[in-house]
Amino acid sequence: MFHKVLIANRGEIALRIIRACKEMGIKTVAVYSTADSESLHVRLADESVCIGPPPSLQSYLNINAIISAAELTDAEAIHPGYGFLSENAAFAEICENCGITFIGPTSESMRIMGDKISARQAVIKVDVPILPGTKEGVHDVAEAIKVAKSIGFPVIIKATAGGGGRGMKIVHSPATLPNAFATARAEAQAGFGNPEVYIEKYCEQPRHVEIQILADKHGNVIHLGERDCSIQRRHQKIIEEAPSTVTTPKLREAMGEAAVRAAKAVNYNSVGTMEFLVDKNNDFFFMEMNTRVQVEHPVTEMVTGVDVVREQIRSAAGLKLRYKQSDIKIKGHSIECRINAEDPVKFTPCPGKITAYHTPGGLGVRVDSFVYDQYKVVPHYDSLLAKLIVHADTREDAIKRMARALDEYIIEGIKTTIPFHKRIMANKDFIEGNIDTSFLEKIVLE
Ligand code: MV4
Numbered sequence: 010m011f012h013k014v015l016i017a018n019r020g021e022i023a024l025r026i027i028r029a030c031k032e033m034g035i036k037t038v039a040v041y042s043t044a045d046s047e048s049l050h051v052r053l054a055d056e057s058v059c060i061g062p063p064p065s066l067q068s069y070l071n072i073n074a075i076i077s078a079a080e081l082t083d084a085e086a087i088h089p090g091y092g093f094l095s096e097n098a099a100f101a102e103i104c105e106n107c108g109i110t111f112i113g114p115t116s117e118s119m120r121i122m123g124d125k126i127s128a129r130q131a132v133i134k135v136d137v138p139i140l141p142g143t144k145e146g147v148h149d150v151a152e153a154i155k156v157a158k159s160i161g162f163p164v165i166i167k168a169t170a171g172g173g174g175r176g177m178k179i180v181h182s183p184a185t186l187p188n189a190f191a192t193a194r195a196e197a198q199a200g201f202g203n204p205e206v207y208i209e210k211y212c213e214q215p216r217h218v219e220i221q222i223l224a225d226k227h228g229n230v231i232h233l234g235e236r237d238c239s240i241q242r243r244h245q246k247i248i249e250e251a252p253s254t255v256t257t258p259k260l261r262e263a264m265g266e267a268a269v270r271a272a273k274a275v276n277y278n279s280v281g282t283m284e285f286l287v288d289k290n291n292d293f294f295f296m297e298m299n300t301r302v303q304v305e306h307p308v309t310e311m312v313t314g315v316d317v318v319r320e321q322i323r324s325a326a327g328l329k330l331r332y333k334q335s336d337i338k339i340k341g342h343s344i345e346c347r348i349n350a351e352d353p354v355k356f357t358p359c360p361g362k363i364t365a366y367h368t369p370g371g372l373g374v375r376v377d378s379f380v381y382d383q384y385k386v387v388p389h390y391d392s393l394l395a396k397l398i399v400h401a402d403t404r405e406d407a408i409k410r411m412a413r414a415l416d417e418y419i420i421e422g423i424k425t426t427i428p429f430h431k432r433i434m435a436n437k438d439f440i441e442g443n444i445d446t447s448f449l450e451k452i453v454l455e
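So the sequence shown is numbered by this note's numbering: it starts at 10 and just counts up by one.
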């Protein structure tokens with residue numbers, strides 16, 4: 010096992026990784042920007058290194074500074090968390106070349122899954138269902154119209170180098186296609202440095218259901234069931250839960266097996282997530298793979314009892330998976346609410362000083378956070394303050410427990426999304442499991 014791990018991240022995920030390392034007897038190195046010198050990850054790690062000024066490009070995305078910090082402190086491995094450098098194949102490759110273990114998949118698996126066309130091609134080979142669409146990039150309008158007509162409208166135009174829903178264009182008729190095609194290419198170029206796009210059949214009001222994968226460096230791959238992340242706003246997930254209200258044991262097994270085949274198709278050897286859309290007929294389609302630990306991993310931990318971050322570190326150290334698929338049982342129901350420093354109506358960021366702070370507790374309540382009383386929320390990074398996670402025997406009880414925990418949560422001095430979550434826990438459609446990816450669009454307008 011590693012003796013020392015550097016955590017190339019900040020916020021709650023840096024704490025989550027430090028906690029796993031401490032329990033495993035691994036020393037930790039925090040890196041931080043000058044905006045984060047008062048941050049808890051700096052205080053909780055065994056050592057810390059300042060890597061630059063507040064802007065991410067000069068600190069948490071500064072590859073030279075991070076590699077130097079690892080060399081300076083003799084860290085054998087780097088955990089990238091999520092966001093920042095976590096899906097940067099070039100960074101993983103630099104770590105590989107410097108003799109530092111990147112706690113994540115190989116740069117090669119990341120490259121294949123990072124390119125949405127090569128990801129589609131890889132999973133088609135192992136019979137993972139995908140929506141009808143192009144097998145290659147679409148390079149001109151005439152071709153785009155031809156393929157859209159053969160697929161049938163509505164279609165969706167996506168960036169090959171994209172992901173997470175950014176830069177997608179839905180097209181309902183041939184008349185609006187030329188404009189959408191040109192805009193999609195321009196946005197892909199601006200956002201990802203690559204104008205290439207591809208076209209898929211558009212699936213209306215889908216559920217976003219994703220499968221957590223665990224893989225080792227010995228070819229073993231298992232899945233930990235699904236998370237439902239349909240409650241999103243502008244491609245930002247807000248509430249996640251496990252299990253999904255649409256899955257049956259049969260659907261879980263089919264999606265799980267498809268996810269395992271997809272992981273094996275790219276020799277995947279770390280934790281990762283296969284994202285699927287589930288349509289009204291409960292048919293599922295592969296969308297993309299996230300080759301990192303995700304924000305919402307705790308709901309999976311709560312229903313399986315598996316420490317996802319610990320397993321990720323063990324796998325990176327070359328240890329074999331400790332679980333067989335048959336060891337994994339889904340128990341009870343878990344919900345996560347993302348508590349952001351945002352206006353709960355307009356969702357605009359709301360940094361500032363926390364003047365009073367009290368966290369909820371009690372049976373089945375978990376808070377993954379990095380803030381404390383008098384902490385000053387800085388404006389330079391994403392607005393996630395805390396993840397409030399509950400577990401209970403049933404979904405109904407989990408919703409009641411979440412409502413109770415939200416009532417206990419006190420954060421004063423800044424606006425947070427807590428009031429918004431309270432409304433959702435009382436929403437009839439949410440309670441009945443009547444949700445799809447357009448749920449928030451509707452309730453925000455209510
Ligand atoms: C889609 C889709 C409908 N049809 N693809 C958004 C995230 C990205 N990973 C894929 N996304 C979508 N892809 C086809 N062919 C609808 C979405 C989508 C969506 C998916 C999950 C959760 C929220 C969403 C919101 C809008 C669009």
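Note that CB positions come from ideal geometry on N, CA and C, so glycine has one too.
In this structure, how does DSSP classify residue i when only helix, strand and coil are distinguished?
{"i": "residue 17", "result": "coil"}
{"i": "residue 126", "result": "helix"}
{"i": "residue 37", "result": "strand"}
{"i": "residue 296", "result": "strand"}
{"i": "residue 11", "result": "coil"}
{"i": "residue 336", "result": "helix"}
{"i": "residue 438", "result": "helix"}
{"i": "residue 237", "result": "strand"}
{"i": "residue 356", "result": "coil"}
{"i": "residue 454", "result": "Only weak support exists for where residue 454 lies, its pLDDT of 47 falling under 50; the value from the coordinates is given anyway. It is helical."}
{"i": "residue 425", "result": "coil"}
{"i": "residue 202", "result": "coil"}
{"i": "residue 119", "result": "helix"}
{"i": "residue 45", "result": "helix"}
{"i": "residue 411", "result": "helix"}
For residue i and residue j, what's the separation of their Cα atoms in angstroms?
{"i": "residue 381", "j": "residue 412", "result": "22 Å"}
{"i": "residue 307", "j": "residue 94", "result": "21 Å"}
{"i": "residue 431", "j": "residue 439", "result": "12 Å"}
{"i": "residue 54", "j": "residue 325", "result": "20 Å"}
{"i": "residue 174", "j": "residue 153", "result": "20 Å"}
{"i": "residue 370", "j": "residue 414", "result": "7 Å"}
{"i": "residue 373", "j": "residue 116", "result": "38 Å"}
{"i": "residue 258", "j": "residue 232", "result": "13 Å"}
{"i": "residue 309", "j": "residue 206", "result": "33 Å"}
{"i": "residue 215", "j": "residue 242", "result": "14 Å"}
{"i": "residue 287", "j": "residue 383", "result": "43 Å"}
{"i": "residue 492", "j": "residue 248", "result": "Not covered by the structure: residue 492. The range shown for the chain is 10 to 455."}
{"i": "residue 354", "j": "residue 321", "result": "37 Å"}
{"i": "residue 379", "j": "residue 147", "result": "44 Å"}
{"i": "residue 337", "j": "residue 46", "result": "40 Å"}
{"i": "residue 296", "j": "residue 275", "result": "15 Å"}
{"i": "residue 99", "j": "residue 113", "result": "13 Å"}
{"i": "residue 181", "j": "residue 189", "result": "10 Å"}
{"i": "residue 124", "j": "residue 367", "result": "43 Å"}
Tell me which residues share the same chain as residue i and place their Cβ nearer than 8 Å to its Cβ, disregarding the 5 neighbours each side in the sequence.
{"i": "residue 422", "result": "361, 362, 363, 364, 365"}
{"i": "residue 402", "result": "341, 342"}
{"i": "residue 203", "result": "168, 169, 170, 197"}
Output needed for residue i: all residues of its chain with C-beta closer than 7 Å, excluding positions within five of it in sequence on either side, in chain order.
{"i": "residue 9", "result": "An answer regarding residue 9 cannot be provided, because it is not within the stretch 10 to 455 covered by the chain."}
{"i": "residue 444", "result": "239, 240, 438"}
{"i": "residue 192", "result": "178"}
{"i": "residue 48", "result": "19, 41, 379"}
{"i": "residue 244", "result": "173, 174, 175"}
Cα-Cα, which of the options is closest to residue i?
{"i": "residue 234", "options": "67, 264, 303, 254", "result": "264"}
{"i": "residue 201", "options": "180, 63, 176", "result": "176"}
{"i": "residue 79", "options": "107, 102, 317, 98", "result": "107"}
{"i": "residue 219", "options": "268, 329, 129, 171", "result": "268"}
{"i": "residue 162", "options": "150, 179, 243", "result": "179"}
{"i": "residue 186", "options": "168, 170, 157", "result": "157"}
{"i": "residue 456", "options": "356, 400, 442", "result": "This structure cannot settle anything about residue 456, because the visible part of the chain is limited to 10 through 455."}
{"i": "residue 4", "options": "336, 70, 285", "result": "This structure cannot speak to residue 4, because the chain is shown only from 10 to 455."}
{"i": "residue 97", "options": "81, 74, 122", "result": "122"}
{"i": "residue 250", "options": "419, 331, 339", "result": "339"}
{"i": "residue 281", "options": "291, 302, 290, 47", "result": "302"}
{"i": "residue 184", "options": "172, 30, 155", "result": "155"}
{"i": "residue 332", "options": "190, 225, 182, 274", "result": "225"}
{"i": "residue 262", "options": "65, 334, 436, 103", "result": "334"}
Within a Cβ cutoff of 6 Å, which residues of the same chain sit near residue i, ignoring the five residues on either side of it in sequence?
{"i": "residue 359", "result": "350, 351, 352, 423, 424"}
{"i": "residue 434", "result": "408, 411, 412"}
{"i": "residue 44", "result": "63, 387, 389"}
{"i": "residue 283", "result": "220, 268, 271, 298"}
{"i": "residue 530", "result": "The question about residue 530 has no answer here: the residues shown for the chain are numbered 10 through 455."}
Item to complete: Would you be able to state if there are at least three C-beta pairs under 8 Å between the stretch 381 to 397 and the stretch 342 to 351?
Response: yes
Note to self: Would the stretch 11 to 19 count as touching the stretch 35 to 45 if we require 3 or more Cβ pairs under 8 Å?
What the structure shows: yes
Specify whether the stretch 122 to 138 and the stretch 55 to 68 touch according to this definition: at least 3 beta carbon pairs, one from each stretch, less than 8 Å apart. no
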